[in-house]
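Student: Per UniProt numbering, residue 1 is the first one in the sequence shown, and the count goes up by one each step. The C-beta atom is built at its ideal place from N, Cα and C for all residues, glycine as well.
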Amino acid sequence: MITPQNILFHELIGLDVTVVHASSPSLVGITGIIIDETKNTVMIKTVSGLKMVGKKGITLRTRIPGGKVVDLDGSALLMAPERRTTMRIRK
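1. Going by alpha carbons, who is nearest to T31 out of M43, P81, F9, G74?
2. Could you pull out every residue in the same chain whose Cβ sits closer than 6 Å to the Cβ of H21, ignoring the five residues on either side in sequence?
3. Just to confirm my understanding: we take I7, look at its own chain, exclude 5 residues before and 5 after, and list those with CB closer than 6 Å. What are they?
4. Identify which residue in G49, S75, L50 has its Cα closest to the Cα of N40.
5. Do I33 and K45 have their C-beta atoms within less than 8 Å of each other?
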């Protein structure tokens, strides 16, 4: 189950997200579904098409099951997704 504490270790593809902060103001407000992810970028499907957004310098907002809103720091996601999802959670 996805929680605010473990969301960085989960698959992001399929999440509805909004860019709420970005070093480039033109990225703020992009809303859609993550359809792909690389080490440095996320591909977001929006109503106006596909947008490739660099992870560095952005904050993504999503709603996890249960309704809680979570902000993700793109810099914390800067690694290959297959590496991130297999990391152990530190307790």
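Tutor: Looking at the coordinates:
1. Among M43, P81, F9, G74, the Cα nearest to that of T31 belongs to M43.
2. T59
3. V70
4. S75
5. Result yes, Cβ atoms of I33 and K45 sit closer than 8 Å.
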